[in-house]
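**Q**
Residue numbers (our numbering): 47 to 412.
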């Protein structure tokens with residue numbers, strides 16, 4: 047049999063020019079698709095935060111069902127009767143409830159205890175009155191406004207969520223620093239895990255003004271068109287009923303009053319995520335420190351939306367002062383002196399005038 051052997055044509059490879067064209071096309075496609083991918087990822091993270099706040103809103107309603115529809119509180123109702131003095135309260139009234147964080151794996155209970163004194167002496171609690179700062183809704187001082195409003199993940203409230211201090215519901219995925227520090231505890235069976243280096247409060251906070259009696263941030267709206275001195279009254283947290291948290295039904299504008307909010311600046315953030323205005327180099331920018339900041343907010347009617355600081359400022363301009371400037375924080379309001387830019391000027395949600403009976407935003411402009 048005769049076999050014909052034919053020469054094989056040499057294969058032709060890509061030229062350098064052709065390879066460069068292919069690489070350029072791939073780079074162009076990546077450049078076109080990357081913003082869309084990043085935008086989609088950002089939207090997914092925001093939607094997770096929206097879901098968290100919806101779950102927390104449900105927890106607020108469940109808590110209210112157990113406590114006569116009232117706002118979360120960690121403070122005795124009659125604390126104002128002794129002028130807001132921890133030592134006097136413990137020696138003459140009662141031992142206050144302690145701000146508990148949860149049981150650890152060894153069976154120890156962690157919390158902010160107010161000390162072994164007065165009527166607390168029989169319990170042998172550790173700590174001291176310095177920890178009362180975490181029982182009150184908010185410290186109305188310029189030095190440290192910390193308070194229970196920053197701690198929705200304490201045991202008194204986390205029992206209505208997932209039963210753990212470090213539950214994912216309490217942390218916004220875009221709040222990268224705290225999220226990264228405590229993500230490893232999300233699957234822990236313990237209610238609380240103590241880690242001094244990585245202790246992190248929730249990404250979300252209550253409205254502290256709404257945790258007080260409405261008179262603390264103003265006696266009431268004036269009947270005259272012009273605002274009177276009473277409308278600008280400094281917070282009075284020493285009334286007998288100042289610390290009795292109001293019922294949610296006292297909210298006059300449930301579609302306009304925020305209930306919980308992302309505390310950090312998470313949308314439209316600057317390149318530098320750490321605020322140099324705070325010592326230590328680890329404190330992030332807060333939600334009200336950028337004009338374009340748009341925190342996810344939960345309202346008293348149950349709906350959730352992003353509220354840009356610009357919108358809150360415009361609401362003030364249209365309706366008059368919606369947040370109190372006569373607190374010890376001064377006219378800059380809640381950490382306003384450490385803001386990122388000079389355009390922002392709002393303390394909505396935190397220092398709302400008339401508390402739960404006030405407004406943080408207005409409806410759509412006509």
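Just so it is clear, CB atoms sit at the ideal spot from N, CA and C, and this is done for glycine as well. The model shown is predicted, which means the values in this text are computed figures rather than measured ones.
1) Would the C-beta of residue 330 count as close to the ligand SAH, meaning under 7 Å from any of its heavy atoms?
2) Straight-line CA distance for residue 230 to residue 196?
3) Is DSSP giving residue 305 helix, strand or coil here?
4) Beta strand (DSSP E) containing residue 250: first to last residue?
5) What would DSSP say about residue 196, mapped onto helix, strand or coil?
6) Can you check DSSP and say which residues form a bridge with residue 343?
7) May I have a chain-ordered list of the alpha helix (DSSP H) segments no shorter than 4 residues that lie completely inside the stretch 117-161?
8) Skipping 5 residues on each side, what residues in its chain have a beta carbon closer than 8 Å to that of residue 262?
9) What are the start and end residues of the alpha helix (DSSP H) that includes residue 240?
10) Going by DSSP, what residue range makes up the alpha helix (DSSP H) through residue 374?
11) Just mark residue 113 as buried or exposed, buried being the case when its beta carbon has 16 or more other beta carbons within 10 Å.
12) Identify the residues that DSSP records as bridge partners of residue 398: which are they?
13) Can you tell which of 353, 307, 182 has the C-alpha that lies nearest to the C-alpha of residue 257?
14) With a CB to CB cut of under 8 Å and the five nearest residues on each side skipped, what residues in its chain are close to residue 273?
15) I'd like to know whether the C-beta of residue 286 is nearer than 8 Å to at least one C-beta of chain B.
16) Compute the Euclidean distance between the alpha carbons of residue 222 and residue 385, then round it to the nearest angstrom.
**A** Judging by the given coordinates:
1) No copy of the ligand SAH appears in this structure; indeed no ligand is present at all.
2) Here residue 230 corresponds to residue number 184 of the chain shown, with the count starting at 1. Here residue 196 corresponds to residue number 150 of the chain shown, with the count starting at 1. Straight-line Cα distance between these residues: approximately 21 Å.
3) Walking along the chain shown from the start, residue 305 turns up at place 259. Strand.
4) As a first step, residue 250 must be located in the chain shown, where it is residue number 204. Per DSSP, residue 250 belongs to the beta strand (DSSP E) from 250-252.
5) Walking along the chain shown from the start, residue 196 turns up at place 150. Reduced to three states, the DSSP call for residue 196 is helix.
6) In the chain shown, counting from the first residue as 1, residue 343 sits at position 297. BP columns for residue 343 point to 307, 351.
7) 132-138
8) For the purposes of this step, residue 262 is identified with residue 216 of the chain shown, where counting begins at 1. Closer than 8 Å at the Cβ level, and outside the excluded window around residue 262, lie 255, 281, 282, 283, 285, 288, 401.
9) Working through the chain shown from its first residue, we reach residue 240 at position 194. No alpha helix (DSSP H) holds residue 240; DSSP gives it neither H nor E.
10) Working through the chain shown from its first residue, we reach residue 374 at position 328. Neither: residue 374 is in no alpha helix (DSSP H) and is coded neither H nor E.
11) Indexing the chain shown from 1 puts residue 113 at position 67. Classification for residue 113: exposed.
12) Stepping through the chain shown from its first residue, residue 398 is reached at position 352. Note: residue 398 sits in a beta bridge opposite 369.
13) The sequence position of residue 257 within the chain shown is 211, counting from 1. That would be 182, whose Cα lies nearest to the Cα of residue 257.
14) Sequence index remark: in the chain shown, residue 273 carries index 227 (1-based). Low local confidence applies: a pLDDT of 49 at residue 273 is under 50, so the model's placement there is unreliable, with the coordinate-based value given in what follows. The residues are 366, 367.
15) Of the protein chains in this structure there is only one, and it is not chain B.
16) Taking the chain shown and counting its residues from 1, the one referred to as residue 222 is at position 176. Taking the chain shown and counting its residues from 1, the one referred to as residue 385 is at position 339. Distance between the alpha carbons of residue 222 and residue 385 is about 20 Å.
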